[in-house]
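Take the sequence shown: its letter number 63 is residue 76 in our numbering, and every next letter is one higher. Every residue gets a Cβ at the ideal spot worked out from N, C-alpha and C, and that includes glycine. Since this is a predicted model, take the numbers as computed values, not measurements.
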Amino acid sequence: MHLLTRIKQLGQSKFVRNVAIVATGTAGAQAITMAFAPVITRLYGPEAFGLLGTFMAILGVLTPIAALTYPIAIVLPKSDTDAKKLAKLSALVALIVTSIAAAVLLTAGDWIADALSLGAVAGFLLLIPLAMLFAAFQQIFTQWLIRKKQFRITAKVAVLQAFIMNSAKAGAGWFHPVGAVLIVIAVGGQALHALLLWAGTRSKEAALPDNDESAGTLRELANRHKDFPLYRAPQVALNALSQSLPILMLASFFGPAAAGFYTLGRTVMGVPSTLIGGAVGDVFYPRIAEAANNKEKLFNLVLKATGALAAVGFVPFFVVIATGPWLFSFVFGAEWVDAGEYARWIALWMYFMFMNSPSNKTIPVLKIQGFYLFFTVFTILIRLVGLGVGYFVFSSDLVAIAIFGVSGAVINVVIIAIVLLMAKKFDSKRSSDG
Numbered sequence: 014m015h016l017l018t019r020i021k022q023l024g025q026s027k028f029v030r031n032v033a034i035v036a037t038g039t040a041g042a043q044a045i046t047m048a049f050a051p052v053i054t055r056l057y058g059p060e061a062f063g064l065l066g067t068f069m070a071i072l073g074v075l076t077p078i079a080a081l082t083y084p085i086a087i088v089l090p091k092s093d094t095d096a097k098k099l100a101k102l103s104a105l106v107a108l109i110v111t112s113i114a115a116a117v118l119l120t121a122g123d124w125i126a127d128a129l130s131l132g133a134v135a136g137f138l139l140l141i142p143l144a145m146l147f148a149a150f151q152q153i154f155t156q157w158l159i160r161k162k163q164f165r166i167t168a169k170v171a172v173l174q175a176f177i178m179n180s181a182k183a184g185a186g187w188f189h190p191v192g193a194v195l196i197v198i199a200v201g202g203q204a205l206h207a208l209l210l211w212a213g214t215r216s217k218e219a220a221l222p223d224n225d226e227s228a229g230t231l232r233e234l235a236n237r238h239k240d241f242p243l244y245r246a247p248q249v250a251l252n253a254l255s256q257s258l259p260i261l262m263l264a265s266f267f268g269p270a271a272a273g274f275y276t277l278g279r280t281v282m283g284v285p286s287t288l289i290g291g292a293v294g295d296v297f298y299p300r301i302a303e304a305a306n307n308k309e310k311l312f313n314l315v316l317k318a319t320g321a322l323a324a325v326g327f328v329p330f331f332v333v334i335a336t337g338p339w340l341f342s343f344v345f346g347a348e349w350v351d352a353g354e355y356a357r358w359i360a361l362w363m364y365f366m367f368m369n370s371p372s373n374k375t376i377p378v379l380k381i382q383g384f385y386l387f388f389t390v391f392t393i394l395i396r397l398v399g400l401g402v403g404y405f406v407f408s409s410d411l412v413a414i415a416i417f418g419v420s421g422a423v424i425n426v427v428i429i430a431i432v433l434l435m436a437k438k439f440d441s442k443r444s445s446d447g
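Right, dumping it as structure tokens:
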């Protein structure tokens, strides 16, 4: 009886309903992607996926710099007017940064590609500033919709974008199954996603002002949230670099096929993280910011959300750890069995990263982004050494991925522990201050 009452209470919880909405949309998008995956992997092959993975790894590192993570701050102000000003600031910064990136790549793109032993993607580098700009506007519109709690819109957009993108990949693959096609479609997908989200912000609910009180000019708001460009942007970029290192190093040391195996393994193991971890994170962020403004206890919120994710993620991740090679060979084709070996170690890392979603969203609220930046630099060094040991000592791509996966798991456990400790101190300090 008590259990039934508890389940009923959960069903009535606005937080749980919002998580369900986001998760449903993300589930639809991921289901579409996974339904198309066996067709797409058989059309393109590991080399094409490796080329796409390398391009997306470079883009992933540079995207946080595009708007200097100012879009993340859109959720924080009490005033909708200030939030809209932050959106304008983000757009302005994105235009400036991507213009600079275009100029650099236009003049030195080939040299950069040669220096990093990434000549295979040299011909596509000029697409990166364009994709960065689209991604920045995607972030701006997403954060505004999150602020207005319009999770239903973001869910619908995710499903529609996934269907169009995967249909394009499958359709084009019948005629010209090469990596260049995947890259062009990926850039077009960024533009499409931004356009669909922009259309969502035009709805009455998303545009409805909360209040019209403004606390500052663009310059004042930029200064008030300067911890985002100073700490959050480099931290996110460095974190993306640490996650992209395997693709870039595998492509450089072992060739595009190895990068393709990792790309597929990472994509598949990212499904639970995107589906549930991302959904919880998107809903948890405004909830934890609101809790801080209302002087609620943050420690309990973070702990409960983390524990729930640990329970939910256990089965799917450990199924892959146990059966990865067989599972990937059966679903994606015999040539992808090595991707299943990679996925075993990726799953170990991704399970704890999945659990880390609430802690990651709590970091801006606790104002410990400076610490997080330095911690990220430290973790990159650990992962870089691990990948180097795999290549230079063992000459094995699988050993390199194994070291990377284990170190990633440990790093995420440490982050969770630190955030919980800081949340406890945050609560205690506010209690003592009255």
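Taking the C-alpha atoms as reference points, what is the distance between residue i and residue j?
| i | j | result |
| --- | --- | --- |
| residue 425 | residue 369 | 6 Å |
| residue 430 | residue 35 | 27 Å |
| residue 413 | residue 404 | 6 Å |
| residue 355 | residue 411 | 7 Å |
| residue 88 | residue 346 | 43 Å |
| residue 151 | residue 69 | 16 Å |
| residue 119 | residue 128 | 16 Å |
| residue 441 | residue 305 | 13 Å |
| residue 140 | residue 371 | 33 Å |
| residue 422 | residue 214 | 37 Å |
| residue 193 | residue 102 | 34 Å |
| residue 237 | residue 279 | 37 Å |
| residue 8 | residue 286 | The requested residue 8 is not part of the displayed model; the chain covers only 14 to 447. |
| residue 160 | residue 30 | 16 Å |
| residue 58 | residue 190 | 8 Å |
| residue 320 | residue 365 | 11 Å |
| residue 23 | residue 317 | Residue placement at residue 23 is poorly supported in this model, since its pLDDT is 49, which falls under 50; the coordinates still yield a value, given next. Going by the C-alpha atoms only, they are around 13 Å apart. |
| residue 85 | residue 156 | 6 Å |
| residue 134 | residue 260 | 13 Å |
| residue 113 | residue 145 | 12 Å |
| residue 433 | residue 55 | 44 Å |
| residue 331 | residue 349 | 19 Å |
| residue 233 | residue 96 | 13 Å |
| residue 143 | residue 131 | 20 Å |
| residue 20 | residue 40 | Note on residue 20: pLDDT 47, under 50, position unreliable in the model; no value is reported. |
| residue 367 | residue 267 | 28 Å |
| residue 16 | residue 439 | Low confidence applies here, because residue 16 scores a pLDDT of 48, under 50, leaving its location unreliable; read the following figure in that light. Their Cα atoms are separated by approximately 32 Å. |
| residue 104 | residue 230 | 15 Å |
| residue 399 | residue 273 | 20 Å |
Relative to the C-alpha of residue i, which residue among the options is closest?
| i | options | result |
| --- | --- | --- |
| residue 284 | 51, 270, 326 | 326 |
| residue 256 | 160, 420, 62 | 420 |
| residue 43 | 168, 88, 56, 440 | 168 |
| residue 162 | 311, 297, 101 | 297 |
| residue 250 | 158, 75, 391, 60 | 75 |
| residue 199 | 65, 78, 235, 80 | 65 |
| residue 100 | 269, 333, 126, 154 | 154 |
| residue 281 | 312, 247, 254, 341 | 341 |
| residue 353 | 343, 338, 364 | 338 |
| residue 253 | 156, 389, 417 | 389 |
| residue 49 | 157, 186, 108, 93 | 186 |
| residue 383 | 164, 246, 268 | 246 |
| residue 235 | 392, 52, 439, 90 | 90 |
| residue 33 | 197, 295, 393 | 295 |
| residue 61 | 95, 277, 111 | 277 |
| residue 80 | 323, 109, 166 | 109 |
| residue 71 | 51, 407, 122 | 122 |
| residue 53 | 78, 427, 106, 178 | 178 |
| residue 308 | 436, 202, 94 | 436 |
| residue 335 | 314, 361, 344, 323 | 361 |
| residue 196 | 138, 393, 124, 263 | 138 |
| residue 51 | 164, 116, 180, 107 | 180 |
If you follow the alpha helix (DSSP H) that residue i is in, where does it begin and where does it stop?
| i | result |
| --- | --- |
| residue 409 | Note, residue 409: premise wrong, no alpha helix (DSSP H); not H, not E. |
| residue 388 | 382-401 |
| residue 352 | 350-368 |
| residue 152 | 140-160 |
| residue 326 | 311-345 |
| residue 308 | Premise fails: residue 308 is in no alpha helix (DSSP H) and is neither H nor E. |
| residue 163 | Per DSSP, residue 163 belongs to no alpha helix (DSSP H) and is neither H nor E. |
| residue 134 | No alpha helix (DSSP H) holds residue 134; DSSP gives it neither H nor E. |
| residue 206 | 192-214 |
With a threshold of 8 Å, establish whether the CB of residue i neighbours any heavy atom of the ligand ATP.
| i | result |
| --- | --- |
| residue 295 | Because no ligand of any kind appears in the structure shown, any question about the ligand ATP cannot be addressed here. |
(request) May I ask you to verify whether the segment 171-182 touches the segment 201-212, counting CB pairs closer than 8 Å and requiring at least 3? (result) With the cut-off at 8 Å, the segment 171-182 and the segment 201-212 touch.
(request) With a floor of 4 residues, list each alpha helix (DSSP H) that falls wholly inside the segment 230-300, ordered by position along the chain. (result) 231-237, 246-266, 269-285
(request) State whether the segment 230-241 contacts the segment 369-389, with contact taken as three or more CB pairs (one from each stretch) at a distance under 8 Å. (result) Three or more beta-carbon pairs separated by less than 8 Å link the segment 230-241 to the segment 369-389, which places the two stretches in contact.
(message) For a minimum of 3 consecutive residues, which ranges assigned as the beta strand (DSSP E) are wholly contained in the segment 69-108?
(response) none
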